[in-house]
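Chain order of the listed sequences is V and H. When you read off a place in the first sequence, starting at 1, and then add 248, the result is the number in this note's numbering. When you read off a place in the second sequence, starting at 1, and then add 934, the result is the number in this note's numbering. Cβ atoms here follow ideal geometry from the backbone N, Cα and C, with glycine treated the same way. Below is one structure, written out as structure tokens; comments come after it.
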Amino acid sequence: MKKIKLGTNNHLSSTKGKPSVTTVFLFVLLTIYTLVLIVPTIWSVYASLADSDEFGFVFNPQYPNLSETLSLSFDNFKFAWEELTVTTPPPYQQTFNAIGLLGNSLLYSMLSSLAFTICPVIVAYVTSTFKYKASKVIYAFVIVAMALPIVGSMASEIQMLHNLGMFDSIISMVILRFNFLSIYFLILHAQFSSIPRDYAESAKVDGASNLRTMLQVVLPQSLNTIVTVFILSFITYWNDYQIPLLYFPSYPTAAYGIYMFVYGGSAEMATIPHQMAVIVLLTLPIVIVFIVFNKRLRVSVAMGGIKS
Amino acid sequence: MKSLRGKKINRVGRTPLKKGDVIFYVVLLIIPISQILIFYFGVNFQSFLLAFQTRDSSGSLIFDPSVNFGKFANDIQTPIFWTYIRNSLLVYLFTSLAGTVLATLFSYYIYKRRTLYNFFKFVLFLPSLLPAIMLVIMFKQFVGNGIPSYLNFFFGVDFSQMEGGGNIFLKENNTTFIVITAYSIWVSFGSQVLVYTGAMDQISPEVIEAGKLDGTNSFTEFIHIILPSIFATLGTFLIVGIASIFTNQNNLFNFYGGGGPSEHYTIGYYVYLLLRAGEANYPYASFIGLVCTLVVLPLTFGVRKLVNRVTR
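Structure below.
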């Protein structure tokens, strides 16, 4: 029989000695996945530094000494920064340069992710804390709404924005994102429900208001999950160009700029080094956000509300 | 009945109504509930109405269900529309089954803190971090030029002589759809792994240790302890994912913009293109949405029942 020390992290540590077949199999699978992802990523960054005229069949293993055949420089980034402009469709016909596109992206991503995070946090907190009948109704409604597969309401959503005079505005998108019908509501609800009530009750005995208990006692204990929801939403909105294309065409974002650069640019823009330069340039902010918050990216909860 | 702190608790575990609490409750919920009333109930109700409307010559909406019925009747008589449906189902099957199986296995590896687990966690999340267009260009170059080039170098297979040239995998129609679907799976692990690992972290260490005492190895531990423990989470994703059968665009817009080959269309991509084409198409897009909802509704409840039966 194997010797196991109780009370330690035995369940996580690998058994000393030979790794199991499953572990080796998964390691090989993950290594292949990594290679398939990392090699093209490095190639992309490399391509963004390569000279457009000399850039060719970089993947070809018959040309191992790429540094000898290609001269590297930052000229593509200069070109990308200067040429990255988007002119909005008629009747607005406004031109946005790289700074304008980044500004729109930042505004859209930041405000939308805040709205998309704060709303489920609030609703999950109150419904998990106050066990009123209404809380049960709201929880059941979210489950039904998520399980109920409504397809194609996008047309109606845009029509509704037209009707309310809210079409083509970033602020309207933020209002649209202030919504708790997402899987994050279930995750946060499970998270708040798992926190022992003793902390909140002690704070209340000490005279803390409901708001203070929420902000200073309960939410800090769930900060990792809240930050995770925010970061995941921020990344999604930063890279999203399809929604801006339909919902607020007069405020093109950086992702929309990349789309136009790749699919609607001039012949000079169509070169891989120029396209990669513009993509690398506009990916940098998101990489910085990820590096800063990387350690907080954790969803420490199990949830299974919808299946029951 | 009173708790140890002297607070009243009623029999069914509800919080007793206190004026201050109720005001706090209502104030915090009033905006989210209003939002739901307008942008969930209002939008879906309008979507239902829109499905039976059309635009007249002046662009105003008029009630005339026959127009969208007629368009839809025409559409379903064309073989290409059935190709869209077939593609949508295939994409769902591949991304849900293969994607979920792989994501669960990868999550298990990370949960067990095996060699380089932190690095792999970052790598699996990387596609969520990078813009879809960057990934698509990378993927196109790698699959289109890189793989044929390496196959030629190592095994002497010369794809340049074949139809489609060097870019064989993305130029041949029979392989392109598979390659694009593989791409969709390839980039889908990030948030899944994050949530599944979180669910695995909640499993009591005592259960795992008890399993070890009973002689479980990694494989049996995964099958008999880990999977049943996180099945509720997996089931949630499975049920919620069914609606995506007819909304999933399979990344076609990232690969082709608005000009993808029609034999690779999914219903999601087709509806998106309808919306992009202008307001005149909104009623028909809503009609397709309504029909799709009616199709996936019983499917969702069927899968939910199945998931419940497995977890019971």
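task = Would you mind telling me which residues of chain V sit closer than 8 Å to Arg-1210/H, beta carbon to beta carbon, in chain order?
result = Against chain V, the beta carbon of Arg-1210/H has neighbours under 8 Å at Leu-493, Leu-494, listed in chain order.
- Query: Does any CB atom of chain H fall closer than 8 Å to the CB of Glu-405/V?
  - Reply: yes
Q) Quick one: is Asn-313/V buried, meaning 16 or more other Cβ sit within 10 Å of its Cβ, or exposed? A) Model confidence at Asn-313/V stands at a pLDDT of 45, short of 50, so the residue's coordinates are unreliable; what they give is reported in the following sentence. Exposed.
Give a yes or no on contact between the stretch 1191-1208 of chain H and the stretch 1138-1152 of chain H, applying the rule of three or more CB pairs nearer than 8 Å.
no
Open item on the list: Tell me the DSSP secondary structure of Phe-584/V in three-state form.
Closed with: Coverage of chain V is limited to positions 249 through 556, which leaves residue 584/V absent and any answer about it impossible.
Check this for me: beta carbons of Asn-1002/H and Phe-1221/H, under 8 Å apart or not? yes
Which whole runs of the alpha helix (DSSP H) in the stretch 1143-1185 of chain H are 4 residues long or more, in chain order? 1152-1155, 1161-1176
| said: I want to verify the contact list: residues of chain H whose CB lies under 7 Å from the CB of Ser-420/V, in sequence order. | reply: At a beta-carbon threshold of 7 Å, none of the residues of chain H lie near Ser-420/V; the nearest stands roughly 10 Å away.
- Which first and last residues belong to the alpha helix (DSSP H) in which Gln-1075/H is found? 1066-1075
DSSP has Arg-989/H in a bridge; who is on the other side?
Leu-995/H
Report yes or no: is there a C-beta of chain H within less than 8 Å of the C-beta of Ile-286/V?
-> yes
**Burial state of Thr-1115/H (16 or more Cβ within 10 Å)** = buried
Worksheet item: Taking the runs of the alpha helix (DSSP H) that are 4 residues or longer, which of them lie wholly in the stretch 1019-1055 of chain H?
Response: Within the stretch 1019-1055 of chain H, the complete alpha helix (DSSP H) runs of at least 4 residues are 1033-1045.
_Quick check on Thr-343/V: does DSSP put it in helix, strand or coil?_
strand
- Ala-209/V versus chain H: which residues are under 9 Å apart at the beta carbon? Any answer about residue 209/V is impossible in this case: the structure gives chain V only from 249 up to 556.
- Task: Flag Pro-1232/H as yes if its beta-carbon sits less than 8 Å from any beta-carbon of chain V, otherwise no.
- Result: no
task: Tell me where the alpha helix (DSSP H) around Phe-378/V begins and ends.
output: Per DSSP, Phe-378/V belongs to no alpha helix (DSSP H) and is neither H nor E.
Could you check the C-alpha separation between Phe-305/V and Leu-277/V for me, to the nearest Å?
With a pLDDT of 47 at Phe-305/V, under the threshold of 50, the modelled position of that residue is not reliable, and no figure is offered here.
Original post:
In terms of alpha-carbon separation, which member of Asn-345/V, Trp-329/V, Glu-330/V lies closest to Thr-336/V?
Top reply: Asn-345/V
(request) State buried or exposed for Asp-990/H, treating a residue as buried only when at least 16 other CB atoms are found within 10 Å of its CB. (result) exposed
Can you name, in chain order, every residue of its own chain whose Cβ lies under 6 Å from the Cβ of Leu-1231/H, other than the five neighbours on each side?
There are no such residues.
When we look at the beta-carbon of Thr-340/V and count the other beta-carbons within 10 Å, is it buried (16 or more) or exposed?
Residue 340/V is actually Tyr in this sequence, not Thr. Result: exposed.
Worksheet item: Should the stretch 453-471 of chain V be called in touch with the stretch 391-411 of chain V, which here means at least 3 C-beta pairs below 8 Å?
Response: no
Suppose the cutoff is 8 Å on Cβ atoms and the five residues either side in sequence are ignored; what does the same chain contact list for Ile-443/V look like?
By the criterion of a C-beta distance shorter than 8 Å, Ile-443/V is surrounded in its chain by Val-466, Gln-469, Ser-470, once the five residues flanking it on both sides are discounted.
Next on the checklist: Can you give me the C-alpha to C-alpha distance between Leu-1050/H and Gly-348/V, rounded to a whole angstrom?
Outcome noted: 41 Å
Practice problem: Report the neighbours of Gly-1223/H on chain V: residues whose CB is nearer than 9 Å to its CB, in chain order. | Solution: Ile-398, Val-399, Gly-400, Ser-401, Met-402, Ala-403, Ser-404
Item to complete: Would you mind reading off the limits of the alpha helix (DSSP H) that contains Pro-337/V?
Response: Note, Pro-337/V: premise wrong, no alpha helix (DSSP H); not H, not E.
field: Spatially closest choice to Val-977/H from Ala-1007/H, Leu-1224/H, Leu-1128/H, by CA coordinates
entry: Leu-1224/H
Between which residues of its own chain and Ser-1125/H is the CB-CB distance below 7 Å, once the five residues before and five after are set aside? Ser-1062
DSSP state of Asp-446/V mapped onto helix, strand, coil: helix
Please confirm whether Leu-314/V has its beta-carbon closer than 8 Å to some beta-carbon of chain H. Caution is warranted here: a pLDDT of 47 is assigned to Leu-314/V, below 50, making its placement in the model unreliable, and the coordinate value is therefore given only provisionally. Chain H has no Cβ within less than 8 Å of the Cβ of Leu-314/V.
Distance cutoff 8 Å, beta carbons only. Does Ala-503/V sit that close to anything in chain H?
yes
Self-check item: Neighbourhood of Asn-352/V by C-beta distance below 6 Å, restricted to the same chain and skipping five residues each side
Solution: Only Tyr-499, Thr-501 meet the Cβ criterion.
Inset, instruction - Would you kindly work out how many angstroms separate the C-alpha atoms of Pro-999/H and Ile-370/V, rounded to a whole number? - result: 41 Å
Classify Ser-315/V: buried if its beta carbon has 16 or more other beta carbons within 10 angstroms, exposed otherwise. Since pLDDT at Ser-315/V reaches only 48, below the 50 mark, its modelled position is unreliable, and the value read off the structure follows with that caveat. Ser-315/V comes out exposed.
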